[in-house]
Amino acid sequence: MVFRFDRIISLLIPGCILIHVFLAPYTKVEESFNIQAIHDITSYGFLPHPNGSVIAQHYDHVEFPGAVPRTFVGALLMSALSRPFLQWVASPVGKQLLVRAILGLVNASAMLSLRQVLKRSFGRSTGNWYALLQASQFHIMFYASRTLPNMFALAMTTYALGRYVEATSSPKMTDHSRKRGHIVSLMLLTTAGIIFRSELAVLVAARCLFILLSHRTALTRIIIPAGLVGLVIGFSITVSVDSYFWKHFPIWPEWASFYFNTILGKSSDWGVSPWHFYFSNALPRLLLNPLTYSLLGPLALLSSVPGKRALQIAGPDLLFLSLYSILPHKEWRFIVYVVPSLTAVSAIGASWIWTRRSKTVLYKVLNLALIGSVVATFVASSGLLAISRLNYPGGLAMTRLNTMLASTGNSTISVFADNLACQTGVTRFLEDRKATVSGHSKWRFDKTENQTILHDPLFWNQFDYAIVEHPERCIGKWEVIDVVTAYDGLQIVRPGSALGPDTTTDHLLLDDRREKWQMWNDFGRTMTKFTSGWWITIRMEPKIKILKRQI
10 MVFRFDRIIS LLIPGCILIH VFLAPYTKVE ESFNIQAIHD ITSYGFLPHP NGSVIAQHYD
70 HVEFPGAVPR TFVGALLMSA LSRPFLQWVA SPVGKQLLVR AILGLVNASA MLSLRQVLKR
130 SFGRSTGNWY ALLQASQFHI MFYASRTLPN MFALAMTTYA LGRYVEATSS PKMTDHSRKR
190 GHIVSLMLLT TAGIIFRSEL AVLVAARCLF ILLSHRTALT RIIIPAGLVG LVIGFSITVS
250 VDSYFWKHFP IWPEWASFYF NTILGKSSDW GVSPWHFYFS NALPRLLLNP LTYSLLGPLA
310 LLSSVPGKRA LQIAGPDLLF LSLYSILPHK EWRFIVYVVP SLTAVSAIGA SWIWTRRSKT
370 VLYKVLNLAL IGSVVATFVA SSGLLAISRL NYPGGLAMTR LNTMLASTGN STISVFADNL
430 ACQTGVTRFL EDRKATVSGH SKWRFDKTEN QTILHDPLFW NQFDYAIVEH PERCIGKWEV
490 IDVVTAYDGL QIVRPGSALG PDTTTDHLLL DDRREKWQMW NDFGRTMTKF TSGWWITIRM
550 EPKIKILKRQ I
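Going letter by letter, the sequence shown gives residues 10 to 560 in this note's numbering.
Below you can see the structure in the form of structure tokens.
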């Protein structure tokens, strides 16, 4: 029975990640570089060709290089893992789903590896509570499959955390095994920082400090060897791979990004936040369950038995948060690497409460609160997923246009996609119709942003369709053939107010999700009988119009 329960718990993390993948299949602009690169590598290859450079002729980054170069290492790895399976997937969106699912499962395997370490070091109960707490967190489950550099790094940092926890907390480890665990942990962190995210240098420094405090000879026996190996591996991989794809030697993309954003201070152009933002805003949103940071984490750190080991786990990450808070521009994804460790410490606290559930009335009450908070967090995470999946009108517009034009035979179709469409889901995977149309009809896409060109009437004559936010900016005669809606906030329905399509939501009748909204509104009408007429609904607004040029 216990074994069966453990297996069910083991499926929670990968299961939740895959649910998020399939319910929210589209991407946003932050993910675009890597998802486009994966498409290009799997579609065109990257080896030299007799007819010229495949990269120069076909790759997206040649046309849209961005402000700074970014690494191809993650995209190359995902391409290698997904390419054997892509031939069995027919639809363009299915190919994109497959790539994202593989990345999600890589991150899931890292989290499950950490769970196993926690089970060996702190007991089965701690491992199970870690899985429950981690799976209920919306941001990790939603973004674990998204092709952000941070998510490639997250897999490596979570594996590194597992080795670190084992080296500091496992009672069965020999001194040699602890040393090896620390070396592997620091080596993985260093490599991830060199290739994917430079902010990991701060986390490496924090871990090194805590290792030094517990091992006097760690500098020469652990830190320097691990750092040198990590540097050599990281530099060798990123310089060789990225110099090849960017056709410039030598190139180190993460240094270019660090120089541009931190040294030149360009990141502040995206906004600044107060010093306490990570602690007061980002971390509570990432952990989601309020008991993790208000009760479970502090309890684990203050407990007499696991407290010292819990501090070894959480201490470096809290120091990392404090040091990184100095930089003015802050985003939750810059600190996502601390979530598994803080969740692990919270799981130690949860296990402490759970194993004492029959001792006193206080522990019984705390256990009820603990179980209730996990259930409530899963419900909240599900609600956030339901809302977040409505934020990709560009991707939905592509799928619907694909469906409408599925019988166009061998014709070549020219489509224009504007900035909002590209930012909210238009990718090269979705542009490829060869796998879905028997006649191998070809789509030719244009994503021009130059305003001078966009004001030229002759420019628009080449297009058959347009996916745009503002139809009035398309010169010529166009017909709106579909409207794609997106999330525009929550709406409180007061007693006596109409629940259902009205002046702000009647355009949902054009949406292929109409039946689901009708079911939700029917459910809402039933619930208002028990809430004195009060209810909450999702407000949707037209975001993308699909246009057809009139001849």
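Glycine included, C-beta positions come from ideal geometry on N, C-alpha and C. Note that the structure is predicted; figures quoted are calculated from it, not measured.
Beta-carbon proximity check, residue i vs residue j, cutoff 8 Å
| i | j | result |
| --- | --- | --- |
| residue 495 | residue 402 | yes |
| residue 469 | residue 556 | no |
| residue 568 | residue 266 | Residue 568 cannot be examined here, being either before or after the span of the chain that is shown, 10 to 560. |
| residue 64 | residue 87 | no |
| residue 105 | residue 412 | no |
| residue 254 | residue 339 | no |
| residue 47 | residue 84 | yes |
| residue 355 | residue 306 | yes |
| residue 322 | residue 353 | yes |
| residue 439 | residue 407 | yes |
| residue 295 | residue 264 | no |
Residue range of the unbroken alpha helix (DSSP H) whose run includes residue i
| i | result |
| --- | --- |
| residue 475 | Residue 475 -> not in any alpha helix (DSSP H); beta strand (DSSP E) instead, spanning 474 to 477. |
| residue 242 | 233 to 255 |
| residue 182 | Here residue 182 belongs to no alpha helix (DSSP H), and DSSP marks it neither H nor E. |
| residue 96 | Careful: residue 96 lies outside any alpha helix (DSSP H) and carries neither H nor E. |
| residue 428 | 428 to 432 |
| residue 362 | 348 to 363 |
| residue 469 | 466 to 469 |
| residue 39 | Here residue 39 belongs to no alpha helix (DSSP H), and DSSP marks it neither H nor E. |
| residue 319 | 316 to 333 |
| residue 409 | 402 to 413 |
| residue 441 | That residue, residue 441, is in no alpha helix (DSSP H); it is neither H nor E in DSSP. |
| residue 138 | 133 to 144 |
| residue 284 | Residue 284 -> no alpha helix (DSSP H), and no H or E assigned at all. |
| residue 373 | 370 to 397 |
| residue 149 | 147 to 152 |
| residue 294 | 292 to 296 |
| residue 264 | 262 to 267 |
| residue 221 | 209 to 223 |
Nearest-angstrom Cα separation, counted from residue j out to residue i
| i | j | result |
| --- | --- | --- |
| residue 541 | residue 203 | 58 Å |
| residue 346 | residue 240 | 20 Å |
| residue 551 | residue 269 | 36 Å |
| residue 114 | residue 424 | 34 Å |
| residue 380 | residue 386 | 10 Å |
| residue 300 | residue 539 | 30 Å |
| residue 231 | residue 246 | 22 Å |
| residue 219 | residue 194 | 13 Å |
| residue 91 | residue 503 | 50 Å |
| residue 280 | residue 343 | 14 Å |
| residue 444 | residue 271 | Residue confidence for residue 444 is low, a pLDDT of 42 falling below 50, so the modelled location carries little weight; the figure read from the coordinates is stated next. Looking at the two C-alpha atoms, the distance is approximately 43 Å. |
| residue 155 | residue 171 | 22 Å |
| residue 548 | residue 331 | 38 Å |
| residue 132 | residue 221 | 27 Å |
| residue 320 | residue 173 | 13 Å |
| residue 517 | residue 259 | Bear in mind that a pLDDT of 43 at residue 517, under 50, signals an unreliable position, so the number given afterwards is only what the model happens to contain. Spanning the two alpha carbons is a distance of roughly 52 Å. |
| residue 475 | residue 558 | 8 Å |
| residue 189 | residue 136 | 23 Å |
| residue 480 | residue 293 | 41 Å |
| residue 187 | residue 122 | 17 Å |
| residue 74 | residue 17 | 45 Å |
| residue 164 | residue 149 | 11 Å |
| residue 19 | residue 454 | 43 Å |
| residue 212 | residue 147 | 23 Å |
| residue 515 | residue 498 | Confidence is the limiting factor: at residue 515 the pLDDT is only 48, short of 50, which leaves the residue's position unreliable and the question unanswerable from this model. |
| residue 24 | residue 32 | 12 Å |
| residue 158 | residue 544 | 40 Å |
| residue 225 | residue 185 | 15 Å |
| residue 560 | residue 51 | 37 Å |
| residue 244 | residue 78 | 15 Å |
| residue 447 | residue 49 | Residue confidence is low: residue 447 scores 44 on pLDDT, short of 50, so the model does not pin down where it sits. No coordinate-derived value is stated. |
Start-to-end residues for the beta strand (DSSP E) that takes in residue i
| i | result |
| --- | --- |
| residue 550 | 544 to 558 |
| residue 490 | 487 to 502 |
| residue 453 | 451 to 455 |
Beta-ladder partner(s) of residue i, from DSSP
| i | result |
| --- | --- |
| residue 422 | 452 |
Whole-angstrom C-beta distance between residue j and residue i, which should lie under 8 Å
| i | j | result |
| --- | --- | --- |
| residue 160 | residue 143 | With 8 Å as the limit, residue 160 and residue 143 do not qualify as a contact, their Cβ atoms being about 15 Å apart. |
| residue 153 | residue 117 | 7 Å |
| residue 364 | residue 400 | About 41 Å separates the two Cβ atoms, so there is no contact after all. |
| residue 236 | residue 304 | About 37 Å separates the two Cβ atoms, so there is no contact after all. |
| residue 361 | residue 312 | 6 Å |
| residue 262 | residue 80 | 5 Å |
| residue 196 | residue 248 | So it is not a contact: roughly 18 Å between Cβ atoms. |
Within-8 Å CB hit, residue i to chain D
| i | result |
| --- | --- |
| residue 20 | As a matter of chain content, chain D is missing from the structure shown, which is built from one protein chain. |
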